[in-house]
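**Q**
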Amino acid sequence: MPLIQQFIDSQVAVITLADSERGNRLNTALLEKLSLAMEKSMKDPEVRVIVLRSNGKIFCRGMDLNLLQEEAESSERLRRAITLYSDLLFSILTSSKPVMVLVAGDVQAGGVGIVSACDIVICSSEATFELSEVLFGIIPANVLPFLLSIRIPLQKARYLVLTAKKITAEEACRIGLADEVFSTENFERGVKQIIKALLRSSPHALAETKDFTLRILNKGVGEARRLAIEKLLNLIKKREIIEAISAFNRGELPPWFGKYRPMRPLTGV
């Protein structure tokens with residue numbers, strides 16, 4: 190069984206963590222394969238949305254502790270494993286395409302980092318989240334740059350790390366770690382509705398949104414306003430924007446308005 194599976198269906202790249210039986214533990218092999226799958230999807234012109242999921246009720250239980258123990262003997266190998274993880278999360282965060290993650294079960298430690306880096310986090314009501322690193326004497330240092338500010342405020346992050354508390358999907362949604370929670374029977378339908386919305390939007394506008402929100406992160410109001418004015422002026426001058434506005438005024442659809450007709454289920458785990 191491969192660690193990662195991948196297919197494209199109706200302009201959506203679906204990447205599956207395929208080792209749920211063993212917790213989809215983050216080791217060098219899995220991180221390399223997942224990074225390659227992400228890179229392939231990001232570069233594929235056919236792909237407009239990337240969906241990350243697992244093949245079972247366990248999404249990811251974090252770093253492979255055996256790997257950390259083995260690699261600790263070589264600082265170079267250990268640095269490579271840790272850097273691979275951080276680079277993967279950064280590539281997800283800065284991807285020009287929206288990345289949606291589907292969580293149907295347990296997420297722990299480094300798995301929370303992967304979830305935090307994604308643009309849209311959709312959970313079934315059975316999902317749980319836990320930052321358990323302090324139990325092993327370490328901290329989720331590689332997770333926190335993607336969890337803090339981007340997903341949840343400082344004090345919430347500290348509370349979850351210090352207590353290693355397991356929280357439900359509803360709690361995760363309430364604090365901003367997740368975006369939507371659906372019952373198991375409505376999970377598939379809910380996910381498809383969100384993808385349909387993404388495929389109706391301009392791919393360029395979605396990419397610009399991701400880029401701009403990162404650019405103004407932690408900027409002062411004055412600087413953010415300046416950047417906003419320049420961004421809007423630059424966008425409105427583009428021919429495709431002018432043509433799209435004209436099309437809407439005529440009651441027509443813009444050329445990027447896509448229909449989602451998948452051949453395979455997204456949440457069948």
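Residue numbering for the sequence shown follows this note's numbering, starting at 190 and increasing by one per position.
Backbone N, C-alpha and C define an ideal beta-carbon position, used for all residues, glycine too.
None of the values given here were measured: they were computed from a predicted structure.
Can you name the start and end residues of the alpha helix (DSSP H) that residue 345 belongs to?
**A** 343-352
**Q** Report the rounded CA-to-CA distance for residue 448 versus residue 385, giving the unit in angstroms.
**A** 7 angstroms
**Q** On a Cα-Cα basis, can you pick out the residue from 240, 273, 211 that is closest to residue 289?
**A** Among 240, 273, 211, the Cα nearest to that of residue 289 is on 240.
**Q** Using beta-carbon positions only, say whether residue 329 and residue 361 come within less than 8 angstroms of one another.
**A** no
**Q** What's the call for residue 392, buried or exposed, on a 16-neighbour Cβ count within 10 Å?
**A** Looking at its Cβ environment, which holds 16 or more other Cβ atoms inside 10 Å, residue 392 is buried.
**Q** Along the chain, where does the alpha helix (DSSP H) containing residue 459 start, and where does it finish?
**A** Only positions 190 to 458 of the chain appear in this structure, which leaves residue 459 out of reach.
**Q** Check the DSSP bridge columns for residue 312 and list the partner residues they point to.
**A** 292, 370
**Q** Using DSSP with H/G/I as helix, E/B as strand and the rest coil, what is residue 307?
**A** coil
**Q** With distances taken from CA atoms, which of 293, 443, 238, 233 is nearest residue 376?
**A** Minimum Cα distance to residue 376 is reached at 293.
**Q** Measuring CA to CA, which of 291, 320, 443 is closest to residue 388?
**A** 443
**Q** Relative to the alpha-carbon of residue 231, which residue among 253, 349, 277, 215 has its alpha-carbon at the smallest distance?
**A** 277
**Q** Measure the C-alpha to C-alpha separation of residue 268 and residue 445 and round it to an integer number of angstroms.
**A** 42 angstroms
**Q** Based on the DSSP output, what are the partners of residue 242 in its beta bridges?
**A** 205
**Q** With respect to the alpha helix (DSSP H) encompassing residue 272, which residues constitute its N-terminal and C-terminal limits?
**A** 264-283
**Q** Kindly indicate which residue of 403, 250, 425, 226 has the alpha-carbon position closest to the one of residue 322.
**A** 250
**Q** What do you reckon, are the CB atoms on residue 242 and residue 455 nearer than 8 angstroms?
**A** yes
**Q** Reducing DSSP to helix, strand and coil, say where residue 247 ends up.
**A** Residue 247 falls in the strand class under three-state DSSP.
**Q** Can the beta-carbon of residue 311 be found less than 8 angstroms from the beta-carbon of residue 201?
**A** no
**Q** For a test of the three-state rule: what should DSSP assign to residue 357, helix, strand or coil?
**A** strand
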